[in-house]
Amino acid sequence: MIDVMKMFKARMYMKRNEPFLYSWHAYVGYELDLFRAFERPMAKTDVADAYGLDANLLEQWVAVGVSIGHLKEAGRGRHKLANAWKLPKPKGDNSSGVLLKEMMELHIPTLLHYPEMMRNGERLHFDEEKHAGTVAETSRLLEVLAMPKMSKRIRENNVQSVLDIGCGEAGYIKKLAGRFPDAQFTGIEISKEVTVKAQQLTADNNNITVENADLWEYNPDQPFDMVMMNNVLHYIDLEKREALIFELASWVSPGGILSIVTPIAGSSDDPPFANVFNSFFSSFDNLYRLPTREELREWGSGAGLDMLGIHTVIKEGGWYIAQYRKPE
Ligand SMILES: C[S@@+](CC[C@H](N)C(=O)[O-])C[C@H]1O[C@@H](n2cnc3c(N)ncnc32)[C@H](O)[C@@H]1O
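Under the UniProt record's numbering, the first residue of the sequence shown carries the number 1, and numbering increases by one thereafter.
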């Protein structure tokens with residue numbers, strides 16, 4: 001009886017872990033640009049030669065691809081993509097593959113450190129320079145969903161100037177600047193490398209300025225009609241958050257808007273990913289747990305702002321946009 005249970009559980013763990021194979025396979029294909037290589041029927045050895053890859057490992061990757069339906073045989077020993085719509089687009093151009101890259105290179109390895117961290121009471125250190133590019137790119141995937149809520153406030157409040165704190169690759173201000181050509185947009189970003197990328201991506205927009213600056217040292221010359229801070233709160237020490245919101249409120253002109261995109265700490269009935277976020281952030285000595293809904297409300301009222309609402313951006317990840325208005 002006990003042996004039967006053991007077998008049953010072992011099979012269940014394997015079955016439950018099967019989705020990992022799809023993610024792993026897609027991640028490797030994205031990272032090495034292999035889905036482009038197999039767009040048309042190709043021999044594995046030719047791809048290995050052309051891309052300078054280990055032929056043996058490529059062969060194994062192709063075999064898994066066939067078994068999970070990412071690839072199919074295409075005659076004369078060649079292979080090509082199957083179900084291409086399920087696979088990530090090549091790198092760049094806001095491909096969803098960057099989310100796989102972040103999960104595989106950052107989230108999963110971090111979570112695997114749990115036993116060791118729990119035993120020793122130690123934390124990892126988040127290497128900002130190493131991950132800044134990937135993290136800025138994954139955050140951009142949310143843009144399309146959060147954008148309408150930002151545009152609405154800009155239109156309603158006749159916003160003429162916008163500050164984006166920790167703007168990453170400036171995806172938000174670039175989209176908004178196209179939609180509101182008469183408004184001025186400023187982004188600040190602490191990573192030099194990401195700032196340069198943002199400046200390149202916005203070079204054609206004459207209503208955008210991106211500066212390499214730390215928000216703690218930034219002192220705006222004049223208030224902005226809208227201040228936004230998207231996906232940055234978890235970089236901020238818990239003790240400093242209330243004071244930061246207070247400070248940001250002073251950068252907003254009377255009648256203006258403060259807009260914050262952030263995941264919110266999950267409760268047990270939220271989707272699992274919203275809950276595991278905090279396990280991830282808590283693994284680092286320089287990242288911090290997510291805010292709660294109550295905190296977002298309290299900090300706003302403490303800073304003299306009226307809460308406009310906390311709206312869902314993406315339910316699966318527990319992502320929200322909190323918006324406040326500064327009284328006239
Ligand atoms: C997760 S990314 C979000 C990027 C962008 N706001 C978005 O939502 O697409 C967070 C960004 O904040 C930047 N950042 C972190 N701490 C900062 C600080 N003290 N001052 C300015 N930028 C900061 C990081 O370098 C990173 O590019």
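Ideal Cβ positions, reconstructed from N, Cα and C, are used throughout, including at glycine.
Heavy atom of ligand 1 within 6 Å of residue i beta-carbon
i    : result
D214 : yes
E189 : yes
R140 : yes
N278 : no
A198 : no
N230 : yes
Y320 : no
H235 : In the sequence as displayed, the identity of residue 235 is Tyr instead of His. Yes, since a heavy atom of ligand 1 falls inside the 6 Å radius drawn around the Cβ of Y235.
A146 : no
G317 : no
A177 : no
G133 : no
A136 : yes
Distance, residue j Cα to residue i Cα
i    : j    : result
V252 : F280 : 32 Å
L233 : A48  : 43 Å
D269 : R16  : 21 Å
Y27  : K315 : 24 Å
P291 : A303 : 16 Å
W319 : N158 : 26 Å
Y13  : E137 : 32 Å
T186 : I208 : 6 Å
E59  : E143 : 37 Å
I245 : T202 : 27 Å
I310 : Y324 : 9 Å
N56  : D93  : 31 Å
H107 : E328 : 43 Å
V4   : E18  : 21 Å
L141 : G168 : 12 Å
A50  : G29  : 15 Å
E73  : S23  : 21 Å
P88  : K130 : 22 Å
L21  : G65  : 9 Å
G256 : K86  : 42 Å
D225 : M103 : 36 Å
G52  : L34  : 12 Å
Burial state of residue i, where buried means 16 or more other Cβ atoms lie within 10 Å
i    : result
E189 : buried
V62  : buried
P263 : buried
H25  : buried
D285 : exposed
A84  : exposed
N206 : exposed
Y114 : exposed
T45  : exposed
Boundaries of the alpha helix (DSSP H) in which residue i is found, first to last residue
i    : result
G97  : G97 to E102
R153 : E143 to E156
H125 : Premise fails: H125 is in no alpha helix (DSSP H) and is neither H nor E.
W61  : A55 to I68
F38  : Premise fails: F38 is in no alpha helix (DSSP H) and is neither H nor E.
R241 : L238 to S250
A322 : No alpha helix (DSSP H) contains A322, which is instead part of the beta strand (DSSP E) from W319 to R325.
G168 : That residue, G168, is in no alpha helix (DSSP H); it is neither H nor E in DSSP.
G300 : R293 to G302
E193 : K192 to L201
First through last residue of the beta strand (DSSP E) which encompasses residue i
i    : result
D46  : Not the beta strand (DSSP E): D46 falls in the alpha helix (DSSP H), residues K44 to Y51.
G72  : Residue 72 is actually Lys in this sequence, not Gly. Its beta strand (DSSP E) spans residues L71 to E73.
V315 : Note that residue 315 corresponds to Lys in the displayed sequence, not to Val. It is not in any beta strand (DSSP E) - K315 carries neither H nor E in the DSSP assignment.
K80  : R78 to L81
E211 : I208 to N212
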